[in-house]
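J.: Chains as they are written, first to last, in numbering that gives the first Met the number 0: chain A, 0 to 241; chain B, 0 to 294; chain C, 0 to 338.
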Amino acid sequence: MSLLEIENVSKRFGGVQAVDDVSLHVDEGEILGIIGPNGAGKTTLFNLITGTIRSDTGKISLAGADITTTSPTKRARAGIGRTFQVVRPFLRMTVAENVMVPVLVHTHKVSEARNKAVALLEELGIGKLADLDVSQLTLAQRKRIEVARALATEPKVLLLDEVLAGLNNREVLDVLPFVNQVRARGISIIMIEHLVKALTSVSDRIIVLDQGTLIAQGKSDDVLKDPAVIKAYIGEEDNVEG
Amino acid sequence: MEILIQTLVAGVLLGGVYALVSVGLNLLFGVVRVINFAHGEFVMIGMYIAFWLWAGLGLDPYVSLLIVAPAMFLLGVIFQRGIIQPIQGTSANMKIFVTVGISIILQNLALFLWGGQHRTVSTSYSTSVFNLGGVTISVGRLIAFIGALVLVAALFYIMNRTMTGTVLRAIAEDGPTAVLVGIPVKKFYFVATGISVMLAGVAGVMLTPFTSASPMFGFHMTLIAFIVVVIGGMGSMVGSLVGGVLLGAIETLAGTYISPALQQAVLFAIFIIVVLVRPQGLFGKGAGTEEVGLK
Amino acid sequence: MKRSHLISGVVVLALMAFLPLIIGQYLLNNAVLIVMFVGITVAWNIAAFGGALSLGHAAFFGLGSYTMAILLLDFGVNPWIGMLAGMVVAAGGGLLLSIPLLRLRGPFFTLASIAFAEVIRLVAVYARDFTGGSEGLTIPYAPGWLNMSFSDREPYYYIVLGLTAIAVLVSVWIYYSRVGYQLRASGSDDEATRALGVNTAVLKVVALVISAALTGAFGAFAAQYFFIVDPETNFSLNLYSIQPALNGIIGGAGTVLGPILGAVLMTPIGEYMRGAFAGQQGLNFMIYGVVLVGVVMLMPGGLVSGIEKLRARFRLKRGVGRRTDTTAALDESRAEDRL
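(1) Give me the chain C residues within the contact set of Met99/A, using Cβ-Cβ distance strictly less than 8 Å, ordered along the chain.
(2) Quick check: Gly139/B and Phe209/B, are their CB atoms within less than 8 Å of each other?
(3) Using beta carbons (cut-off 8 Å, strictly below), is Pro71/A in contact with chain C?
(4) Tell me, please, whether the CB atom of Ser150/C is closer than 8 Å to any CB atom in chain A?
(5) I'd like the span of the beta strand (DSSP E) that includes Gln140/A, first residue to last.
(6) Is there a Cβ of chain B sitting closer than 8 Å to that of Ile248/C, yes or no?
(7) Given that Thr51/A touches chain C, what residues does it touch there, using C-beta distances under 9 Å?
(8) Taking Gln135/A as the reference, which of Thr93/A, Gly63/A, Pro176/A and Ser9/A has the closest Cα?
(9) Per DSSP, which residues does Ser60/A bridge with? Please list them.
(10) Is it buried or exposed, Ser213/B, if we count other Cβ atoms within 10 angstroms and call 16 or more buried?
(11) With 8 Å as the threshold, decide whether the Cβ of Leu121/C is near any Cβ in chain B.
(12) Which whole runs of the alpha helix (DSSP H) in the segment 195-273 of chain B are 4 residues long or more, in chain order?
(13) For a contact defined as C-beta to C-beta under 7 Å, what are the partners of Gly234/B on chain C?
(14) What residue does the alpha helix (DSSP H) around Arg243/A start on, and which one ends it?
(15) Compare the beta carbon distance of Ala68/C and Pro230/C with 8 Å and say whether it is the shorter of the two.
(16) Using the Cα positions of Val88/C and Gly247/C, report the straight-line distance between them to the nearest angstrom.
(17) Taking DSSP's pairing of strands, which residues face Phe129/B in a bridge?
(18) Three or more beta-carbon pairs under 8 Å between the segment 6-18 of chain B and the segment 237-249 of chain B, yes or no?
(19) Assuming Ile4/B and Thr255/B make a contact with CB atoms under 8 Å, what is their CB distance in whole Å?
(20) Taking Cβ to Cβ, would you say Val237/B is nearer than 8 Å to Ser21/B?
(21) DSSP puts Asp160/A in a beta bridge; with which residues?
(22) Go ahead and pull the three-state DSSP assignment for Ile2/B.
(23) Check the DSSP bridge columns for Gln16/A and list the partner residues they point to.
(24) Any heavy atom of the ligand GTP closer than 7 Å to the CB of Gly161/C?
(25) I'd like to know if Thr254/C contacts chain B, where contact means its C-beta is closer than 8 Å to some C-beta of that chain.
(26) Could you tell me which residues DSSP pairs with His105/A in its beta bridges?
(27) Who are the Cβ neighbours of Thr325/C in its own chain at under 7 Å, not counting the five residues just before and after it?
(28) Pull up the distance between the alpha-carbon of Gly339/C and that of Asp225/A, whole angstroms please.
(29) Residues in its own chain within less than 6 Å of Phe282/B by CB, not counting five upstream and five downstream?
(30) Measure from the C-beta of Val197/C to each C-beta in chain A and report whether the shortest distance is under 8 Å.
(31) Near Lys58/A, what residues of its chain come up, given a Cβ to Cβ distance below 6 Å and the 5 sequence neighbours on each side ignored?
(32) Can you grab the Cα-Cα spacing for the pair Ile79/A / Ile206/A, in whole Å?
(33) Please list the residues of the segment 262-288 of chain C that have a C-beta atom closer than 9 Å to any C-beta atom in chain B, keeping them in chain order.
(34) Determine the DSSP secondary structure at Ile95/B, reduced to helix, strand or coil.
(35) Note down, in chain order, all residues in the segment 93-105 of chain B with a beta-carbon under 7 Å from any beta-carbon belonging to chain C.
(36) What are the boundary residues of the alpha helix (DSSP H) that includes Val263/C?
Written out as structure tokens, the structure is:
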């Protein structure tokens with residue numbers, strides 16, 4: 000049994016089949032990469048997993064427990080953490096306070112939560128940012144804060160939605176080690192990324208979505224050679240090159 | 000039975016004007032993405048202009064439309080440039096409070112300039128009625144109703160059959176993409192806000208033969224228009240039309256059969272119920288409403 | 000909560016306590032109003048921590064006034080107990096308003112809150128057997144602490160100062176508590192907060208109920224202070240729904256200091272305008288509108304954030320703090336001031 004299992008999940012918006020009968024699984028400690036052209040349904044899939052939107056059909060289970068109809072809050076508590084494609088820091092709060100928000104779910108004492116938040120930030124090598132207001136941060140820093148914040152929920156699976164998007168090469172090299180740091184904590188990861196090269200460098204396995212359907216999955220080298228994948232990416236060669 | 004029909008007719012006629020006010024609010028909301036809490040104040044301004052043109056120059060309210068309509072369009076353009084444009088792209092909450100602020104300013108400006116008393120236009124046809132199969136119909140209300148329907152129809156025509164309307168709908172559908180394909184979106188915002196404010200002002204003029212102008216009237220209209228838009232569905236022009244007529248009827252029925260004192264309370268109660276039971280409104284598509292504020 | 004905050008709070012309160020010794024009865028009336036509006040604004044703002052911008056708080060204020068007045072007149076209940084009952088009833092109103100709060104966002108909640116307060120006001124006008132209709136109810140003059148009724152203004156001043164101190168204390172306590180952090184996060188981005196495992200619905204309801212109960216206490220106080228309770232005044236949209244919201248927004252909604260600053264600045268301006276332009280109705284509220292639009296457009300986060308930005312710039316100019324990556328970023332990355 001895998002940690003997270005998704006069976007035959009579909010979601011339709013009006014006339015658009017955003018996610019069409021997708022099944023996938025993530026094992027403990029595994030990093031699963033998701034690629035696919037724009038509009039392939041990647042973020043919708045994330046929203047289905049986190050519960051922000053409900054699936055029309057199919058089943059989602061985490062560590063054996065069915066969470067198909069569980070609320071986002073409960074799923075987060077059960078161990079599904081996420082970041083957003085566009086960073087969404089809590090404004091007018093310091094970095095430490097941002098991280099305290101999830102810590103306070105389990106830790107009821109504020110001072111204790113603060114210590115834990117700062118400790119986490121230090122562990123991740125960004126302790127010096129703790130007392131800055133989030134509005135003072137660069138994009139790369141905000142991305143890291145968002146990962147830190149998601150980590151503070153103590154997730155079993157972490158969903159990273161394009162954490163590298165919008166970053167320059169140097170910043171990508173700053174943020175990428177973060178992913179391995181997360182894995183080192185024994186947390187499974189699903190990550191959506193447009194930068195295929197960066198993604199394959201950290202993923203154990205990748206899947207490809209196109210127009211809501213899963214068209215290929217497996218080891219990255221095999222998948223990228225798959226004719227269906229190449230076809231889906233025609234005209235988007237740049238992305239494949241990464 | 001007779002009373003019921005009489006009440007229904009009066010309500011539906013009033014509802015036509017509500018529809019006119021509401022399609023304007025809906026247009027501004029759909030295209031420019033601003034919830035305008037000052038919308039009713041533009042109705043009030045239209046009423047006052049009509050009143051003063053009548054009191055000062057003896058101009059018939061319907062003749063004054065020739066002045067009010069372009070003046071209100073211009074006011075809309077100024078409103079767009081001076082107030083809305085600077086706050087576009089900010090949070091929904093900011094937009095609320097800027098337009099609430101404008102509403103407060105206009106309302107109290109009217110109070111300051113013209114006092115709190117009710118201003119009534121009295122024309123030869125103000126009180127004239129005619130009888131249709133036992134139902135008494137007020138001429139002023141009937142003209143207002145027909146005028147409102149004609150204008151709503153004209154707006155439908157513009158939105159669905161002209162280039163301008165097509166562009167406005169494209170912007171309403173997907174603003175960012177409209178910018179990307181090179182539509183001068185800002186220019187069309189002026190058109191949308193201009194039309195929206197103009198329709199409100201014209202609705203005000205239509206009301207003057209049988210409704211007196213007062214500073215607080217605008218706020219009342221804002222609430223009515225909001226309720227209509229919510230009941231009819233965000234972004235649905237047909238919804239506003241049906242919702243307006245429906246609300247006019249409900250309001251008049253509540254006044255006759257429940258109590259005039261509770262007329263408004265009934266409207267608000269219906270609003271709250273609709274919001275809870277069918278948040279996307281009668282004609283709302285649902286999907287779009289998520290993005291613009293309704294859960 | 001930091002110790003320095005506590006100390007400055009106590010100092011301000013002590014200074015305020017001496018105020019009646021210095022100023023006369025007329026000014027003391029102004030002081031009562033200012034302190035009351037600080038209290039109402041602070042109470043309103045507790046709901047705003049979680050992003051709920053209500054324009055319906057007059058409902059809670061009026062419920063507080065009427066509960067106390069009706070209990071006193073019809074059942075002879077002591078006003079102090081009546082005040083507590085008023086808080087409970089107002090809290091019930093808050094619970095009712097929570098239903099739209101949880102289902103609607105932004106402007107639609109604000110609109111629903113207006114409708115909510117209007118319905119209650121109209122019912123108060125209608126149910127004349129209980130409420131005396133639009134003439135309202137008159138509170139008997141029976142001086143004495145037990146009756147919360149006095150011939151001088153001093154006791155009222157101390158009562159309202161006490162109530163406001165409690166409101167501020169509750170506000171500060173919530174702001175720096177576990178609930179406060181999660182509430183503020185929800186106010187900034189509710190979906191992201193829920194994705195972190197925070198049950199924001201409960202927090203928002205709790206905040207609104209506390210906010211409503213405190214507002215109700217001020218409503219009960221006002222009934223005793225003005226000796227009269229009527230729907231146009233005690234459920235006044237302008238006075239008790241819009242004004243606290245405007246004070247809060249102008250000062251900085253969702254912060255601790257902002258609403259206090261907003262109310263302290265705006266109430267005397269409003270009172271002065273009302274007095275100075277007594278013959279010209281509307282002018283005082285118009286100024287309110289102008290200040291609101293000006294502040295929101297120029298300083299989206301309110302006066303408090305404006306002041307903070309100025310201080311930050313000043314500090315930067317003086318070169319306090321080394322110019323690191325992050326302080327450089329401060330120049331570039333402007334806060335997207337979402338309320």
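Beta carbons are placed, not taken as given, at the ideal position from N, Cα and C, and that holds for glycine.
T.: So, to answer that:
(1) Walking along the first sequence from the start, residue 99/A turns up at place 100. In chain order: Tyr180.
(2) Along the second sequence, read from residue 1 onward, the residue named residue 139/B stands at position 140. Along the second sequence, read from residue 1 onward, the residue named residue 209/B stands at position 210. Taking the C-beta atoms as reference points, Phe209/B is found nearer than 8 Å to Gly139/B.
(3) Counting from one through the first sequence, the residue named residue 71/A turns up at place 72. So, interface residue.
(4) For the purposes of this step, residue 150/C is taken as residue 151 along the third sequence, with counting starting at 1. So, not an interface residue.
(5) For this step, residue 140/A is matched to residue 141 along the first sequence. Run containing Gln140/A: none in the beta strand (DSSP E); it sits in the alpha helix (DSSP H), Leu138 to Leu150.
(6) Residue mapping note: residue 248/C aligns to position 249 of the third sequence, counting from 1. So, interface residue.
(7) The count along the first sequence starts at 1 and reaches residue 51/A at position 52. By Cβ distance, chain C contributes Glu190, Arg193 and Ala194.
(8) Here residue 135/A is taken as the residue at index 136 of the first sequence, counted from 1. If you compare the alpha carbons of Thr93/A, Gly63/A, Pro176/A and Ser9/A with that of Gln135/A, the shortest gap goes to Thr93/A.
(9) Taking the first sequence and counting its residues from 1, the one referred to as residue 60/A is at position 61. Answer by DSSP bridge pairing, in chain order: Glu4/A and Asp65/A.
(10) The count along the second sequence starts at 1 and reaches residue 213/B at position 214. Buried, by the Cβ-count rule.
(11) For the purposes of this step, residue 121/C is taken as the residue at position 122 of the third sequence. Leu121/C counts as touching chain B.
(12) 216-231 and 236-256
(13) Counting from one through the second sequence, the residue named residue 234/B turns up at place 235. Within 7 Å Cβ-Cβ: nothing; Gly234/B doesn't reach chain C, min ~14 Å.
(14) Limits of chain A in this structure are 0 at one end and 241 at the other, which puts residue 243/A out of reach.
(15) Translated into the one-based positions of the third sequence, residue 68/C becomes position 69. Translated into the one-based positions of the third sequence, residue 230/C becomes position 231. Contact: no.
(16) Looking up residue 88/C in the third sequence gives position 89. Looking up residue 247/C in the third sequence gives position 248. About 24 Å.
(17) The residue given as residue 129/B occupies position 130 in the second sequence. BP columns for Phe129/B point to Ile136/B.
(18) yes
(19) Counting from 1 along the second sequence, the entry for residue 4/B is found at position 5. Counting from 1 along the second sequence, the entry for residue 255/B is found at position 256. Contact flag wrong, Cβ pair sits at about 11 Å.
(20) Residue numbering aside, residue 237/B sits at position 238 when the second sequence is read from its first letter. Residue numbering aside, residue 21/B sits at position 22 when the second sequence is read from its first letter. For Val237/B and Ser21/B, no; Cβs fall outside 8 Å.
(21) For the purposes of this step, residue 160/A is taken as the residue at position 161 of the first sequence. Paired residue(s): Ile191/A.
(22) For this step, residue 2/B is matched to residue 3 along the second sequence. Correct three-state label for Ile2/B: helix.
(23) Counted from its first residue, the first sequence places residue 16/A at position 17. Beta-bridge pairing links Gln16/A to Arg11/A.
(24) The model depicted lacks the ligand GTP and carries no ligand whatsoever.
(25) Position 255 of the third sequence, counted from the first residue, corresponds to residue 254/C. Answer no: the Cβ-Cβ gap between Thr254/C and chain B never drops below 8 Å.
(26) As a working note, residue 105/A is residue 106 in the first sequence. BP columns for His105/A are empty, so no partner.
(27) Locating residue 325/C in the third sequence gives position 326, where the first residue counts as 1. Bear in mind that a pLDDT of 44 at Thr325/C, under 50, signals an unreliable position, so the model cannot answer this.
(28) With chain C covering 0 to 338 only, the question about residue 339/C has no answer from this structure.
(29) Counting from one through the second sequence, the residue named residue 282/B turns up at place 283. Closer than 6 Å at the Cβ level, and outside the excluded window around Phe282/B, lie Gly231, Gly232, Ser235, Val237 and Gly238.
(30) As a working note, residue 197/C is residue 198 in the third sequence. It does: the Cβ of Val197/C has a partner Cβ on chain A nearer than 8 Å.
(31) Counting from 1 along the first sequence, the entry for residue 58/A is found at position 59. If we look at Lys58/A and ignore the five residues flanking it on each side, its Cβ neighbours are Glu6 and Thr67.
(32) The count along the first sequence starts at 1 and reaches residue 79/A at position 80. The count along the first sequence starts at 1 and reaches residue 206/A at position 207. One C-alpha to the other measures close to 19 Å.
(33) Phe276, Gln279, Gln280, Gly281, Leu282, Asn283, Phe284, Met285, Ile286, Tyr287 and Gly288
(34) Residue mapping note: residue 95/B aligns to position 96 of the second sequence, counting from 1. In the three-state reduction of the DSSP assignment, Ile95/B falls in the helix class, which pools H, G and I.
(35) Met93, Ile95, Phe96, Val97, Gly100, Ile101, Ile103 and Ile104
(36) As a position in the third sequence, residue 263/C is number 264, starting the count at 1. Note, Val263/C: alpha helix (DSSP H), Leu256 to Ala275.
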